[in-house]
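Enquirer: My questions will all concern the structure given below.
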Amino acid sequence: MAGAAVIWIALLGPVIALLTHLSWHDIVTSLTAPGALDPLYVSLASGACTLAVLLLLGTPLAWMLARGPLPFPRVWEAGVLCSLLLPPLVIGLLLIFMIGPYTPIGQFLAVFHLSTTNTFLALVIAQVYESAPYYVLGAQAAFSEVDPRMEQQAALLGDRPRRVFRRVTLPLAAPGLSMALAVAWARAMGAFGAVVVVAYHPYGLPLQIWTTLQETGLASALPFALVLLVVALPLPLAAYIWSARAQSRRRA
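Everything in the sequence shown is counted per this note's numbering, starting at 58 for the first residue and increasing by one.
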């Protein structure tokens, strides 16, 4: 118990340090300046778009990885793990070579007056690449925990595969999916390495913290760090509580 308490305090140490070095005056002064909350709106909008992309594309991939219909599943899993293990700055550099303005993808998007560097679209793409592995791996684990026999029983009763997925698989996997999505949300909100390479503008909260730190110092950056914590942390904590309660009910 003592060791667990020490680890818990150590993990919360940065948050405690942040709160002890902030005053209400500093928060009000920094956040009431003209345009101070614009990065918050940018982060919220880009984060919502990122989650929509993950739900649309990551959920089917996670289900196929869990149920095994993909050819060479280990290759697909290795690709997801590589994107998880690559340093974010490296991801940003690789994105430039993959979707930059002089690549085939970049030139194709230019026809539609879209750019994948220093735009809102570029910010969403960078956040997707930094957060997708967290969602896909978490969702894969959630789908893997669903008992296939329950799906088989629903199929024997005449339900089609889509109906089985909607009425059996998805509700049973929902707590794990919500946890994975919440972790991906926090990761997207804090994305910096890839973002600073491909989407320096428009500013989200992480870049606002960085530029404020460089321009006016640590004290001015701390209020924006608090805003980032307030935006990023509640969703994972709520999802964890819901997931833990759902698992307790299942055991009971």
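Every residue gets a Cβ at the ideal spot worked out from N, C-alpha and C, and that includes glycine.
Since Gln197 and Ala119 are thought to touch, with beta carbons under 8 Å apart, how far apart are those beta carbons, to the nearest angstrom?
Expert: 4 Å between Cβ atoms; contact.
Enquirer: Can you tell me which of Arg217, Val225, Gln164 and Gly149 puts its alpha carbon nearest to the alpha carbon of Val185?
Expert: Of the candidates Arg217, Val225, Gln164 and Gly149, the one whose C-alpha sits nearest the C-alpha of Val185 is Gly149.
Enquirer: By the three-class DSSP mapping on this structure, what secondary structure does Asp216 have?
Expert: Asp216 falls in the coil class under three-state DSSP.
Enquirer: Going by other Cβ atoms of all chains shown within 10 Å of its Cβ, with 16 needed for buried, is Ile162 buried or exposed?
Expert: By the 10 Å Cβ count, Ile162 comes out exposed.
Enquirer: Of the choices Ala179, Ser277 and Ile73, whose alpha-carbon is the least far from that of Val99?
Expert: It is Ala179 whose Cα lies nearest to the Cα of Val99.
Enquirer: Assuming the contact rule is C-beta atoms closer than 8 Å, Gln265 and Pro145 should be a hit. Round their C-beta distance to whole Å, please.
Expert: 17 Å between Cβ atoms; not a contact.
Enquirer: How close, in whole Å, do the beta carbons of Ala183 and Ala251 come, if the pair is a contact with beta carbons under 8 Å?
Expert: So it is a contact: roughly 4 Å between Cβ atoms.
Enquirer: Thinking Trp133 and Leu122 are a contact (beta carbons under 8 Å), I'd like their distance in whole angstroms, please.
Expert: Indeed they touch by this definition, with Cβ atoms about 6 Å apart.
Enquirer: Give me the Cβ distance between Ala285 and Gly247, rounded to the nearest whole Å; I'm assuming they're in contact under 8 Å.
Expert: The amino acid at residue 285 is misidentified as Ala; the sequence shows Leu. Indeed, because the Cβ distance is near 7 Å, the residues count as touching under 8 Å.
Enquirer: Assuming Ala212 and Val221 form a contact by the criterion Cβ under 8 Å, report the distance between their Cβ atoms to the nearest whole angstrom.
Expert: The Cβ separation is near 6 Å, so the contact holds.
Enquirer: Would Pro205 and Val137 qualify as a contact pair, given that the criterion is a beta-carbon distance under 7 Å?
Expert: Contact: no.
Enquirer: Any idea if Leu262 is buried or exposed, counting beta-carbon neighbours within 10 angstroms, 16 or more meaning buried?
Expert: Leu262 should be labelled buried.
Enquirer: Count the other C-beta atoms from every protein chain shown that fall within 10 angstroms of the C-beta of Gly274, then say buried if there are 16 or more, exposed otherwise.
Expert: Exposed, because fewer than 16 other Cβ atoms sit within 10 Å of the Cβ of Gly274.
Enquirer: Skipping 5 residues on each side, what residues in its chain have a beta carbon closer than 8 Å to that of Ala295?
Expert: Once the five neighbours on either side are set aside, the close Cβ partners of Ala295 are Ala239.
Enquirer: Tell me the DSSP secondary structure of Pro280 in three-state form.
Expert: It is helical.
Enquirer: For Val203, which three-state DSSP category applies?
Expert: Reduced to three states, the DSSP call for Val203 is coil.
Enquirer: I'd like the list of long-range same chain contacts for Leu88, defined as Cβ closer than 6 Å, with 5 residues on each side in sequence excluded.
Expert: Here the set comprises Pro280.
Enquirer: Measuring CB to CB, does Thr107 end up less than 7 Å from Val181?
Expert: Yes; because the gap between Cβ atoms is below 7 Å, this pair is in contact.
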